[in-house]
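K.L.:
Residue numbers (UniProt numbering): 1 to 375.
The following block contains the structure:
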């Protein structure tokens with residue numbers, strides 16, 4: 001049997017050959033420092049960014065967002081598009097439902113002049129367009145709205161009552177096999193919006209399922225279940241919805257975390273409202289009775305007044321968000337702060353050991369198990 005040194009040498013030779021043939025980084029050790037931190041696109045809600053564990057939606061991965069009608073699925077993706085554009089990225093919206101409202105998208109901060117939009121006739125056409133955009137290597141974010149509207153060509157060309165069992169599921173399975181590698185190589189995020197259906201004859205467990213077969217459940221790195229839980233009112237007038245998002249699947253961080261935030265009609269996700277809620281939870285924003293204060297400054301009486309104050313003072317809102325992310329170790333700055341804290345602890349431990357060595361203090365001897373000879 002080859003020695004450990006020979007095996008290590010053979011492995012290094014194989015790795016060098018793989019790098020030459022397939023490119024540097026084709027195979028790497030998981031604990032290697034060369035591994036770059038996960039790049040993300042913010043969702044527009046600090047609560048959801050934190051629940052995702054990495055500060056947003058992961059780059060180069062597939063994300064599925066599903067939920068009942070009017071729960072905020074498209075609103076969430078439009079905020080992701082707006083944030084991708086703010087960071088200099090290019091986004092595309094494949095509108096298979098033919099229901100995109102440009103005016104609403106503009107109110108949410110989307111640059112509609114720069115947004116690429118396609119309204120395909122068939123599911124095959126939609127997914128081919130998506131594949132070509134991914135392979136261009138120039139797109140940062142693609143949204144497909146929705147999986148249920150990706151109708152196979154055979155169904156479009158057939159009669160209304162014809163049976164097309166499994167056609168859409170097969171189409172999705174083939175497309176995802178092609179798309180996954182390209183998304184990773186080009187660092188493009190692809191969001192699939194999906195609708196809910198009910199399985200017939202289910203007596204135990206949830207009867208809810210998503211359309212388009214099971215392939216998307218496997219290929220998605222993140223799956224978000226979004227629900228409207230409360231109607232927000234100003235007196236008797238409805239002004240928005242309280243929304244809960246559950247991270248059902250997460251390959252990037254621990255799953256099953258939840259986030260709650262407000263979606264205001266005509267405005268979208270209330271980033272400032274989310275900052276107040278999360279700031280109070282983390283002790284960064286203080287609440288005394290109905291008054292909210294930050295760093296000695298009064299934000300306002302009541303959540304709505306405090307939210308409006310932060311809207312008028314974006315620098316303070318950004319500062320609160322930064323402190324929340326750093327405290328929780330989420331996002332680039334949070335990760336850097338956590339790494340610095342870890343390095344400081346290691347340095348202090350090393351200094352303590354060095355001091356102990358100078359004083360001649362040695363570690364206590366390790367007990368030898370009975371029945372074994374000591375060296």
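Using N, Cα and C, we set each Cβ at its ideal position, and we do this for glycine too.
Among 221, 275, 94, whose alpha-carbon lies nearest the alpha-carbon of residue 61?
P.N.:
The residue you call residue 61 lines up with position 61 of the chain shown. For residue 61, the nearest C-alpha among the options comes from 221.
K.L.:
So, using beta-carbon positions, are residue 148 and residue 195 closer together than 9 Å?
P.N.:
As a working note, residue 148 is residue 148 in the chain shown. As a working note, residue 195 is residue 195 in the chain shown. For residue 148 and residue 195, yes; Cβs fall inside 9 Å.
K.L.:
Taking the alpha helix (DSSP H) that residue 66 falls in, what are its first and last residues?
P.N.:
Counting from one through the chain shown, the residue named residue 66 turns up at place 66. First-last for residue 66: 62-66, but that is the beta strand (DSSP E), not the alpha helix (DSSP H).
K.L.:
Is the beta carbon of residue 264 sitting closer than 9 Å to the one on residue 213?
P.N.:
Within the chain shown, residue 264 is the residue found at index 264, counting from 1. Within the chain shown, residue 213 is the residue found at index 213, counting from 1. Result no, Cβ atoms of residue 264 and residue 213 do not sit closer than 9 Å.
K.L.:
Taking 8 Å as the cut-off, does the segment 154-164 touch the segment 98-116 (at least 3 CB pairs, one atom from each stretch)?
P.N.:
Touching, no, given that fewer than three Cβ pairs across the two stretches are closer than 8 Å.
K.L.:
If I measure Cβ to Cβ from residue 321 and keep anything under 7 Å in the same chain, skipping five residues before and after, which residues do I get?
P.N.:
For the purposes of this step, residue 321 is taken as the residue at position 321 of the chain shown. Same-chain partners within the cutoff: 46, 275.
K.L.:
If you scan the segment 130-166 from start to end, which runs of the beta strand (DSSP E) of 3 or more residues do you find wholly inside it?
P.N.:
Entirely contained in the segment 130-166, the beta strand (DSSP E) runs reaching 3 residues are, in chain order, 141-145.
K.L.:
Compute the Euclidean distance between the alpha carbons of residue 351 and residue 358, then round it to the nearest angstrom.
P.N.:
In the chain shown, the residue the question calls residue 351 occupies position 351. In the chain shown, the residue the question calls residue 358 occupies position 358. So the two alpha carbons sit approximately 11 Å from each other.
K.L.:
Fully enclosed by the UniProt domain "RecA family profile 2" (201-274), which alpha helix (DSSP H) runs are 4 residues long or longer?
P.N.:
Taking only runs of at least 4 residues, the alpha helix (DSSP H) segments lying wholly in the UniProt domain "RecA family profile 2" (201-274) are 215-219.
K.L.:
With DSSP collapsed to three states, give me the class of residue 99.
P.N.:
The residue labelled residue 99 in the question sits at position 99 within the chain shown. In the structure shown, residue 99 sits in coil (DSSP, three-state: anything other than H, G, I, E or B).
K.L.:
Count the other CB atoms within 10 Å of the CB of residue 318; is the residue buried (16 or more) or exposed (fewer)?
P.N.:
Position 318 of the chain shown, counting from 1, holds the residue named residue 318. The residue is exposed, with fewer than 16 neighbouring Cβ atoms inside 10 Å.
K.L.:
Alpha carbon to alpha carbon, how far is residue 181 from residue 284? Give it in angstroms, no decimals.
P.N.:
The residue given as residue 284 occupies position 284 in the chain shown. The residue given as residue 181 occupies position 181 in the chain shown. One C-alpha to the other measures close to 41 Å.
K.L.:
Assuming contact is defined by CB atoms lying nearer than 9 Å, are residue 230 and residue 245 in contact in what I supplied?
P.N.:
In the chain shown, the residue the question calls residue 230 occupies position 230. In the chain shown, the residue the question calls residue 245 occupies position 245. No, they are not a contact pair.
K.L.:
Looking only at its own chain, which residues have a Cβ that is under 6 Å from the Cβ of residue 301, when we skip the five neighbours before and after it?
P.N.:
In the chain shown, the residue the question calls residue 301 occupies position 301. Excluding sequence neighbours, residue 301 sits near 290, 291.
K.L.:
Hey, would you say residue 145 sits closer than 9 Å to residue 188, going by beta carbons?
P.N.:
Mapped onto the chain shown, residue 145 falls at position 145. Mapped onto the chain shown, residue 188 falls at position 188. No, these two residues do not count as a Cβ contact at 9 Å.
K.L.:
Distance, Cα to Cα, residue 232 vs residue 114?
P.N.:
For the purposes of this step, residue 232 is taken as residue 232 along the chain shown, with counting starting at 1. For the purposes of this step, residue 114 is taken as residue 114 along the chain shown, with counting starting at 1. Cα-Cα distance, rounded: 33 Å.
K.L.:
What are the boundary residues of the alpha helix (DSSP H) that residue 17 is part of?
P.N.:
Position 17 of the chain shown, counted from the start, is the residue given in the question as residue 17. Per DSSP, residue 17 belongs to the alpha helix (DSSP H) from 4-22.
K.L.:
Could you tell me the alpha carbon to alpha carbon distance between residue 136 and residue 96, rounded to whole angstroms?
P.N.:
Against the chain shown, residue 136 aligns to sequence position 136. Against the chain shown, residue 96 aligns to sequence position 96. C-alpha separation (whole angstroms): 21 Å.
K.L.:
Which residue's Cα is closest to the Cα of residue 308: 23, 347, 267, 247?
P.N.:
Within the chain shown, the letter at position 308 stands for residue 308. Minimum Cα distance to residue 308 is reached at 267.
K.L.:
Whose C-alpha, out of 269, 216, 198, 356, is nearest the C-alpha of residue 239?
P.N.:
Numbered from 1 along the chain shown, position 239 holds the residue referred to as residue 239. Among 269, 216, 198, 356, the Cα nearest to that of residue 239 is on 269.
K.L.:
Identify, in the order they occur along the chain, each residue of the same chain with its Cβ nearer than 8 Å to the Cβ of residue 39, setting aside the five sequence neighbours on each side.
P.N.:
Along the chain shown, one-based indexing puts residue 39 at 39. So the qualifying residues of the chain are 58, 59, 60, 187.
K.L.:
Does the distance from the C-beta atom of residue 63 to that of residue 191 stay below 9 Å?
P.N.:
The count along the chain shown starts at 1 and reaches residue 63 at position 63. The count along the chain shown starts at 1 and reaches residue 191 at position 191. Yes, Cβ-Cβ distance for residue 63 and residue 191 is below 9 Å.
K.L.:
Can you check DSSP and say which residues form a bridge with residue 194?
P.N.:
Mapped onto the chain shown, residue 194 falls at position 194. Residue 194 pairs with 66.
K.L.:
Drop a sphere of 10 angstroms on the beta-carbon of residue 22, count the other beta-carbons inside from all chains shown, and report buried for 16 or more, exposed for fewer.
P.N.:
Mapped onto the chain shown, residue 22 falls at position 22. Per the 10 Å Cβ criterion, exposed.
K.L.:
Can you tell which of 91, 323, 255 has its C-alpha closest to the C-alpha of residue 81?
P.N.:
For this step, residue 81 is matched to residue 81 along the chain shown. Closest option to residue 81, Cα to Cα, is 91.
K.L.:
CB residue 66 to CB residue 243, shorter than 9 Å?
P.N.:
Counting from one through the chain shown, the residue named residue 66 turns up at place 66. Counting from one through the chain shown, the residue named residue 243 turns up at place 243. It is not a contact, given that the beta carbons lie outside the stated cut-off.
K.L.:
Specify the secondary structure class of residue 378 as computed by DSSP and reduced to three states.
P.N.:
Residue 378 lies beyond the stretch modelled for the chain, which goes from 1 to 375, so this question has no answer here.
K.L.:
Please report the straight-line C-alpha distance between residue 252 and residue 29, rounded to a whole angstrom.
P.N.:
Here residue 252 corresponds to residue number 252 of the chain shown, with the count starting at 1. Here residue 29 corresponds to residue number 29 of the chain shown, with the count starting at 1. Going by the C-alpha atoms only, they are around 17 Å apart.
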